[in-house]
Structure formats: C-alpha cells, structure tokens
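See structure below.
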Amino acid sequence: MVSKPDLIKFGGGPRKTELLISINAALYKNMINETQNQVTFALQNVCLTQDNKVILRDVTVRENARRIGIVGRNGSGKTTLARVLSGLVAVTSGHVEIGGIDPAKNRKAAINTVGILFQNPDHQIIFPTVEEEIAFGLLQQGHSKKDAADLVRKTLVDFDRAHWAKAAVHQLSQGQKQLVCLMSILAMRPKIVILDEPFSGLDLPTKMQLARAFTKIDSAIIHISHDPEHLKSYDRVLWIDEGALRMQGSAEAVLPAFIGEMERIGEADDLAQFTD
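Residues in the sequence shown are numbered consecutively from 1, following this note's numbering.
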C-alpha cells in the first residue's frame, strides 16, 4: 500500500492552490512509479558447481527494492550470481525466482523481464552496426521489423545518439560500446536491469558519462560491483564472499562492514604465502 507524501503547504490564492495540487500529484506519482519498479527476487538454498568447483554455496535470500547492490571481492561469485539471476546459468540445486519467474526455466518470459549488461561489451555485441545491435533484442521479443526500427530510432533519440544509427560498432570506444549495449537492453523495456561491473576497464571521464546514462534507467536495478563507492546510494546491498551470502541489509550497514574486512585483509601479508 503506497501512502501519500506529506503535503507541501503554503498560503495563497487559487494559483498557489493549483500549484500545490500539481506538486503533490507529481510527488505521489513518483512514489507509485518507484514502488512499481521495485524488483523482487528470491534464492532458496541455491548451489552451483562447475568443473567440480563450488561457485555458489547454499545461498538463501529474498529482496524487494528499487535498487539493489551486490558487493564482493573479485572471484567471490558475483558475476555468476548475476548470470543466475538473468537465467543465463542454471543452478545445480535450489530455487531461483526473479520478477515472478524462474529465468533459466522460462527463457521466453526472461527476455521481457531481465536485461543484463556485461563487464565487457565485446562479449555482448554480435552485429556490425549500432541500429542492428539494438534491433536484435526487439526482434527476439516478437516485434515486427517496422516496429523494431521505430523503437531503435526512439531509443537513439532518447540518448541523443541518433547519428550513431549506421555507425560501425568496431570503431567505437569501449565506453561507447557499453552505451550501445545499455541502449539495446533499455529498448526492450525489461522490468529489471542487471549491471555486472559496468565501469570495469573504463577511465574516469567515461565512467562519469556512463553513470549519467544510467539515470535514464526506469527499470529496477541490480548492480554488481567490487567497489563499494558505486553502491552507496542503493536501497539494499548483499555481500557475497566465497560464493556465500556474508551479509545483507541497508547500504549504510553493509558497506562499512565490507570495507572494514577488505582493509583487514589488505593489511595482512597474504602475498608472502605464495610459493613457486
């Protein structure tokens, strides 16, 4: 149940009253949109083993929020968890549900429910031009060629990139390729967008530019990162450690605990343990 926001009150005549109504209506609409765009996902006793190596260990979690961060060290299982949530990897045992579906078992529904942005856009892009790349997912959803072309144009215009339509993808920078992948996902209007280390390998200006592009995401977001700085404003954060859920809660609670543990590990002389 969405409660109405506190009214913004001020005195005055009809014009001020009309403005008051408009402001409060906008606030209420924003609250409804935020609630509608929340993501619910549940993992129950999820285990994943690949090549006799345990990747995820009995992960049980349920979250419902607009923006969810997943933090952990490199190699902790974050990316694998992202692929599980998007349905690209089936679990060895346990149950997965995101947006009301099991994404690995219901791939048709998953296409409309979850979009994932990989760390490396070269692992995601398969077509030679920008417009073809964006159109591919739309055609997979069942749009006609004409409707797909219209949606491609709209998406490019929304991002002020209409001039990119015929551009050769291989001539774009890494950050530009990442933006093409993001546009391809958002054109499909998924309920949930998973960002898997989206700033990996990018310089600071490109990170800032891509971060601005993320503000155009109306869908719920699950953001995977090893850098707690990227998740400070998120509603909920999960900490994954060696394939297991170490902690979950608000960003204010989880991130300081994660940073403290990373500092403790960093102060230890782990490198001295390496042998030939």
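For every residue, glycine included, the Cβ atom is placed at its ideal position computed from N, Cα and C.
On a predicted model such as this, the values are computed, not experimentally measured, just so you know.
* To do: Assign D196 to one of three DSSP states: helix, strand, or coil.
  => In the structure shown, D196 sits in a strand (DSSP, three-state: E or B).
* Does the beta-carbon of Q176 have 16 or more other beta-carbons within 10 angstroms, so that it is buried, or is it exposed? -> By the neighbour-count rule (16 or more Cβ atoms within 10 Å), Q176 is buried.
* Exposed or buried, what is I224 when buried is set at 16 or more other beta-carbons lying within 10 Å of its beta-carbon? -> Answer is buried; the Cβ neighbour count reaches 16.
* To do: Since I believe R264 is in contact with E63 (beta carbons under 8 Å), could you give me their beta-carbon distance rounded to a whole number of angstroms?
  => The C-beta distance from E63 to R264 rounds to 27 Å, too long to fall under 8 Å, and the pair is not in contact.
* Who are S225's beta bridge partners in DSSP? -> Its beta-bridge partners are V71.
* Asked: Helix or strand or just coil, what does DSSP make of Q38?
  -> Note: Q38 maps to coil in three-state DSSP.
* To do: Mind listing, in chain order, the continuous alpha helix (DSSP H) runs of no fewer than 4 residues lying wholly within the segment 120–183?
  => Within the segment 120–183, the runs of alpha helix (DSSP H) that reach at least 4 residues and sit entirely inside it are, in chain order, 130–140, 145–158.
* Indicate whether the contact test is met: 3 or more Cβ pairs, each with one atom in the segment 163–180 and one in the segment 126–136, closer than 8 Å. => Between the segment 163–180 and the segment 126–136, the count of Cβ pairs shorter than 8 Å is three or higher; the stretches touch.
* Give a yes or no on whether the C-beta atoms belonging to K216 and F159 are separated by under 8 Å. => Yes, the Cβ-Cβ distance between K216 and F159 is below 8 Å.
* Contact set for V180: own chain, Cβ-Cβ below 8 Å, skip 5 residues either direction -> Only P121, I125, V130, E133, I134, W164, V169, L172 meet the Cβ criterion.
* When the Cα of K232 is compared with those of I70, V46, C47, which residue comes out closest? -> The residue from I70, V46, C47 with its alpha-carbon nearest to that of K232 is I70.
* Asked: Roughly how many angstroms separate the alpha carbons of Q44 and P205, rounded to a whole number?
  -> Separation of Q44 and P205 (C-alpha to C-alpha, rounded to the nearest whole angstrom) is 40 Å.
* To do: Report the three-state DSSP secondary structure of E63 (helix, strand or coil).
  => Strand, per DSSP.
* To do: State the Cα-Cα distance for the pair K191 and A268, rounded to the nearest angstrom.
  => Distance between the alpha carbons of K191 and A268: 42 Å.
* Hey, could you find the ends of the beta strand (DSSP E) S93 is sitting in? => Element bounds for S93: 93–98.
* **For R236, the first and last residue of its enclosing beta strand (DSSP E)** => From DSSP, the beta strand (DSSP E) with R236 extends over 236–241.
* To do: Would you mind sorting N30 into buried or exposed? The rule is 16 or more other CB atoms within 10 Å of its CB.
  => Any reading at N30 must be qualified, since the residue scores a pLDDT of 40, below 50, and its modelled position is unreliable; the value itself is stated next. Exposed, since its Cβ has fewer than 16 Cβ neighbours within 10 Å.
* To do: Compare the Cα-Cα distances from N52 to each of L156, D147, T92, S184 and report the closest residue.
  => Cα-wise, what sits closest to N52 is T92.
* Asked: Using the C-alpha atoms, what's the distance from V114 back to A149?
  -> Straight-line Cα distance between these residues: approximately 22 Å.
* Is the CB-CB distance between L210 and A187 below 8 Å? -> Against a cut-off of 8 Å, the Cβ pair of A187 and L210 comes out as no contact.
* Asked: Does the beta-carbon distance from K78 to G87 come in below 8 Å?
  -> It is not a contact, given that the beta carbons lie outside the stated cut-off.
* Looking at the structure shown, is L27 part of a helix, part of a strand, or coil, going by DSSP? -> In this prediction, L27 has a pLDDT of 35, which is less than 50 and means its spatial position is unreliable; what the coordinates show is noted afterwards. In the structure shown, L27 sits in a helix (DSSP, three-state: H, G or I).
* To do: Report all residues from its chain with a CB closer than 6 Å to the CB of V39; omit the five preceding and five following residues, and keep chain order.
  => Excluding residues within five positions, the ones whose Cβ falls inside 6 Å are I192, A220.
* DSSP on K78, reduced to helix/strand/coil? -> DSSP places K78 in helix when its eight states are reduced to three.
* What's the C-alpha gap between P256 and G137? -> Spanning the two alpha carbons is a distance of roughly 39 Å.
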